[in-house]
Structure formats: C-alpha cells, structure tokens
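Input: a single structure, listed below in structure tokens.
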Amino acid sequence: MQTNLNQQLETMPVRRQEQLLAFDRLLTIMDELREQCPWDRKQTMDTLRHLTIEETYELSDAILEKDLSEIRKELGDVMLHLVFYARIASEPQAGATFDIGDVLNSVCDKLISRHPHIYGDANGNTVVADTEEKVKQNWEQLKLKEGNTSVLAGVPGSLPALVKAMRIQEKARGAGFDWEEKQQVWEKVEEEMQEFKDEFNAETDEIIDRERAEKEFGDVLFSLVNYARFIDINPETALERTNKKFIKRFQYLEEQARSNGQHLKDMTLEEMEVYWQEAKQFT
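Residue numbering for the sequence shown follows UniProt numbering, beginning at 1 and increasing consecutively.
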C-alpha cells in the first residue's frame, strides 16, 4: 500500500506534490490546535456554524470586489472550517463517523456519478450531454435516482429568499418546467406589476391589506428573479452590487456634508441631491 502511494506521488507533477504537502500541513496544524489550544478544543459543529456562515459572506464580498488577494485569504479561512468539521467528526466522542479522506472521496464519487457524459454511467455506457442545459437536466435526474423525492428537495430551507427563488427556478427548469421564451417571462413580470399597482395604488390613501400586499409583492419579486435568470443575471449579485453602490454614494454624501460643516438631519433633500449627483460621477 505504501509503495503504491509513493509511486503515485512520484508520478505527480511537482506542483501537485506541493499542493498535497500544503494540505497535509493544514491537517497537521488542525490536529495540533484541536489537541493543544483551549479555544479549538472547545469548539463543536454547532459553535462553528455561525462563524462558517460569516466566513462565507466575507468570501462573497471579496469575490464581488474582485480582490484576488482577499479571495485567497478568505478561501483559506473557509478551508480551515471544512477541515475543522471533518476533524470533529473523526473523534471518538463523535463516534469517529468520518474524516477528511471520507469527505473528499465522497465528493469525488458524486462528481464522477453525476458526470456520466465524462466518465460514463454505472454500466459503462457513454451519455451525451453537449450543452450546459443538458448537463443541468441530467444532474437533476440523477439526484432523483439517488433518492431525492423532489427536484426541489435539494434547495436548503435556510437560504436567503432571493437566492432560494433563483435556485427553485433553476431546479424546476432542470426538470423541464419553464417558460420557452424570455418575452413570455417579461409579460409575466408586467402582469404581476400591474396587478400589484391595481390593488395597491400609491396615488390613493386607501388602507392597504398588508398581508395580501406582501403576497402580491412576493409574486412581483419572484417573476423578476425569473426574468433575471432568463437573461443570465444573478439577482443576488445584482442587488448586492446595487447595495454597495448605494453605500459608497451615501458615504460620499456624508463626507462632503461633514467637510462643509453640515449635518444630514438639518439638510433638505435638494441639498443632499447635489452631493448625490457628485457621487454618481465616481461610482
């Protein structure tokens, strides 16, 4: 066994060997910290969970900013968390359920089984999937064969609503349930927006049934997400870019007002608008 491993290592490109050594270094440090550091010894999967979510969002921010140096750093933080979970699961008190090797082999097996157009199916037959859409459809069908009772079962319930809407629609499309033309989708957007306007017209002072308005507004958002998907826009990314743009412009407004001895609470909207228009030239 050891001889085979040595032979495999020797035939690998030097950079791959360096990568494996780097991963081994991380595993070794993780073992040492888990055994010697009071903080690391205390952690459980539950205590790490919210930290992992935070690290994932930090990685997402770095990606949106296209900051490769920060992306490298945040990838390392996420990788540390993945190794940490696997280390906890490998310990006797957790039942030695699995370790990082099991995790990696499991995902490798899944990737091979879900790419029959590359590796062949379970019977060794070649499967044709020459477009991205066909690959997605095959993926969803294979997941059903693996035991999922619904195409939508793989959408995490805790996903943010905007991301969840996108994933639901993508998975439904993978099952063949989708509009044929983007024009049909846009007509649905206009229909939902008109329904919302007709029932909750801002020009009147009618008391709004908030529960019903919320439902109809959700329909508007869902249809807009659907259209974004059809024109290959990620709505979560689009909205976050707008959030960041607004923050930069508003902070410019604050800075300019402050430098001129003004306070926002004492300014008129017209005065603020001057700085806002200036900010638009830089963002």
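No residue lacks a Cβ here, since even glycine has one placed at the ideal position from N, Cα and C. Just so it is clear, the structure is predicted and the values come from calculations on it, not from any experiment.
Taking buried to mean at least 16 other C-beta atoms within 10 Å of its own C-beta, is residue 138 buried or exposed?
-> Classification for residue 138: buried.
For residue 96, the three-state DSSP class (helix, strand or coil) | Here residue 96 sits in coil by DSSP.
Under 8 Å between the Cβ atoms of residue 225 and residue 169?
-> When the beta-carbon positions are compared, residue 225 and residue 169 come within less than 8 Å of each other.
Closest to residue 47 by CA distance: which of 66, 24 and 84 is it?
-> The shortest C-alpha to C-alpha distance from residue 47 to any of 66, 24 and 84 is the one to 84.
Assigned secondary structure, residue 261 (DSSP; H/G/I helix, E/B strand, else coil) | It is coil, neither helix nor strand.
Count the other C-beta atoms from every protein chain shown that fall within 10 angstroms of the C-beta of residue 150, then say buried if there are 16 or more, exposed otherwise.
-> Exposed, by the Cβ-count rule.
Option nearest residue 77 by Cα separation, candidates 120, 60, 89 and 93 | Per the Cα distances, 60.
Segments of 4+ residues assigned as alpha helix (DSSP H) that fall wholly inside the stretch 111-178 = Secondary structure in the stretch 111-178: the alpha helix (DSSP H) runs of 4 residues or longer, each lying completely within the stretch, are 116-119, 132-145 and 161-174 in chain order.
Are there 16 or more other CB atoms within 10 angstroms of the CB of residue 253, so buried, or fewer, so exposed?
-> Residue 253 comes out buried.
CA-to-CA distance, residue 221 to residue 200, given in whole angstroms = Counting only the Cα atoms, residue 221 lies some 15 Å from residue 200.
Taking the alpha carbon of residue 163 as the point to measure from, which residue in 187, 233 and 95 has its own alpha carbon closest?
-> Measuring from the Cα of residue 163, the nearest candidate turns out to be 233.
Beta-carbon contacts of residue 192 that lie in its chain and below 7 Å, excluding the five residues immediately before and after | Once the five neighbours on either side are set aside, the close Cβ partners of residue 192 are 219, 220 and 223.
Report buried or exposed for residue 259, applying the criterion of at least 16 other Cβ atoms within 10 angstroms of its Cβ.
-> Classification for residue 259: exposed.
Between residue 249 and the rest of its own chain, which residues show a CB-CB distance below 8 Å, the 5 nearest in sequence each way excluded?
-> Around residue 249: 276, 279, 280 and 283.
Alpha helix (DSSP H) segment containing residue 187, residue limits | Element bounds for residue 187: 182-199.
Measuring CA to CA, which of 99, 247, 136 and 80 is closest to residue 115?
-> For residue 115, the nearest C-alpha among the options comes from 136.
Test item: CB-CB of residue 185 and residue 230 under 8 Å | For residue 185 and residue 230, yes; Cβs fall inside 8 Å.
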